[in-house]
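One structure is given below, encoded as structure tokens.
Residue numbers (the working numbering): 977 to 1484.
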């Protein structure tokens, strides 16, 4: 078994990654390709799509690059699985041709979503655990019904992006229940596709494919694509799951009260619970864990990684080549600034989740002035941005505990921001509790590798794979003096955050 390798395709919000893991969970290589989203020139800038042919080309090249970097032979691959951004979908016609492929940031269906929520808001939330409807598949299907009836009538199957990857690998159309829930098509209580939701929207009831358990066999690499992939035909392809859910698996989290922070383009904070709980104010989401009898309550911090990327590009232009990769530099200069960033507060993406009210938010940096009496520089803005992330995590943790009615038993963090050493000191102090930080940033890919290992028969079940392959973590305790200081700073940030929300409503 030690000689067998696992191949994972992770189609996130900004990049598609092809990763090779060994059977113990060690990452052998990772190949990255940027997503290329298209804004159609004849439509609103809210409409975003991607080119399936280009994405498939990037996947094929990424697989070959990852195998080369891992010094791996294709024959060593025991199984392949895929994970992807939640909410991204591909519509197929009866013959398997892609009619539409859109990311989770395609907001074309605002009008359709608002109309659904105006009539059925509470019912939709009680079934799916998710709002607002404009973000999810029923509203998007309605947009095509209202705006492109010819295309709508050809839609035969709705797939998530990871399930589309599995379709391209195997030719089989299949889905998974956690993925279905994240499309807004499923009943979170019953873990089944909801015919009631489709009926409310006036949509056909047979658009979602056969549900298979994550970690089960979805098919084999078909001969028609094997040469392009640089792989032999017949390699087992294993049913995947959404990236955030795979991230929890990668962190080894499966017990009630355990909480995972998966930092990427956004930063969901997911608490494992023993039964589905629904926020009466509809601010946060309810979903399913991969293990039976386990659910998830999610409060998402919003555009954390995206705000860091914005700050990097603002400072350094494209890539910040004069300062390494830009992020390392931001991390380093943040550490040179004292807590509180000398009065600078940031509100640049990270916030407490509230899906009950759709509105343009107002934010930015609040600075002490006049400048002649202060010495605010880019390092203060960088520190304030990291503190913004940590404060938002705390606000979302508080929402989760209040809604669930139980306290978190432990908190672990994975994803790209675990590379940020300064944040690893700030976050435990802000939360005033120890945090387990993964030593592997690619926790979603790691979870998908566990699914591949289970389906390939390297482990007897998913729990065994998780136990044997989970990422190594380091526990960082809060510094008492720092925790004291951040207790006061958080209350100031939270108060200002709520005031900005009210100002934003006045401006709107």
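Think of the CB as a built atom: it goes at the ideal place given N, C-alpha and C, for glycine as much as any other residue.
Enumerate in chain order the residues of its own chain whose CB-to-CB distance from residue 1257 is below 7 Å, with the five nearest sequence positions on each side excluded. 1332
Taking 8 Å as the threshold, find out whether the region 1146–1164 comes into contact with the region 1176–1194 through three or more Cβ pairs. yes
Short of 7 Å in beta carbon distance, which residues of its chain neighbour residue 1229, apart from the five on each side in sequence? Order them along the chain. 1236, 1248 and 1388
Output the distance between the C-alpha atoms of residue 1158 and residue 1329, rounded to the nearest integer angstrom. 16 Å
Touching or not, the region 1420–1437 and the region 979–998, by the rule of three or more beta carbon pairs under 8 Å? yes
Exposure of residue 1029, with buried meaning 16 or more beta-carbon neighbours within 10 Å: exposed
What does a CB cutoff of less than 8 Å around residue 981 pick up in its chain, not counting 5 residues either side in sequence? 996, 997, 998, 999, 1004, 1046, 1048, 1052, 1053 and 1054
Simplified DSSP state of residue 1011, which is helix, strand or coil: coil
In its own chain, which residues sit with a C-beta less than 7 Å from the C-beta of residue 1115, not counting the 5 before and 5 after it? 1085, 1088, 1089, 1092 and 1109
So, does the region 1403–1413 touch the region 1439–1453, judging by three or more C-beta pairs under 8 Å? yes
Ignoring anything shorter than 4 residues or poking outside the region 1365–1428, list the alpha helix (DSSP H) runs there in chain order. 1397–1407
Alpha carbon of residue 1414 to alpha carbon of residue 1457, nearest angstrom: 25 Å
Beta-carbon separation (whole angstroms), residue 1077 vs residue 1025, contact threshold 8 Å: 6 Å
Sorted by chain position, which residues of the same chain lie with C-beta nearer than 6 Å to residue 1343's C-beta, five sequence neighbours on each side aside? 1320 and 1352
Go through its chain and collect everything with a Cβ distance to residue 1306's Cβ below 6 Å, but skip five positions before and after it. 1358
Could you tell me which of 1099, 1214 and 1459 sits nearest to residue 1170, measuring between CA atoms? 1099
Unbroken alpha helix (DSSP H) run spanning residue 1472, endpoints: 1456–1483
What's the gap between the Cα of residue 1036 and the Cα of residue 1259? 40 Å
Using CA coordinates, which residue listed in 1381, 1117 and 1417 is at the minimum distance from residue 1396? 1417
Three or more C-beta pairs under 8 Å: does that hold for the region 1130–1138 against the region 1210–1227? yes
Given a cut-off of 8 Å on the beta-carbon distance, is the pair residue 1361 and residue 1445 in contact? no
Residue 1350 to residue 1468, Cα distance in whole Å? 20 Å
With distances taken Cα to Cα, identify the nearest neighbour of residue 1074 among 1094, 1104 and 1027. 1027
In chain order, which continuous runs of the beta strand (DSSP E) of length 3 or greater are located wholly inside the region 987–1075? 991–998, 1003–1010, 1053–1060 and 1065–1068
State the start and end residues of the unbroken beta strand (DSSP E) segment that holds residue 1213. 1212–1218
When the Cα of residue 1132 is compared with those of 1168, 1095 and 1180, which residue comes out closest? 1180
Buried or exposed, going by whether 16 or more other CB atoms sit within 10 Å of the CB of residue 1404? buried
7 Å Cβ shell around residue 1419 - same chain, five flanking residues per side excluded: 1223, 1226, 1227, 1238, 1390, 1391 and 1447
Residue environment, residue 1104, which counts as buried when at least 16 other CB atoms sit within 10 Å: buried
Apart from the five residues just before and just after residue 1318, which ones in its own chain have a Cβ nearer than 8 Å to its Cβ? 1344, 1350, 1351, 1352 and 1356
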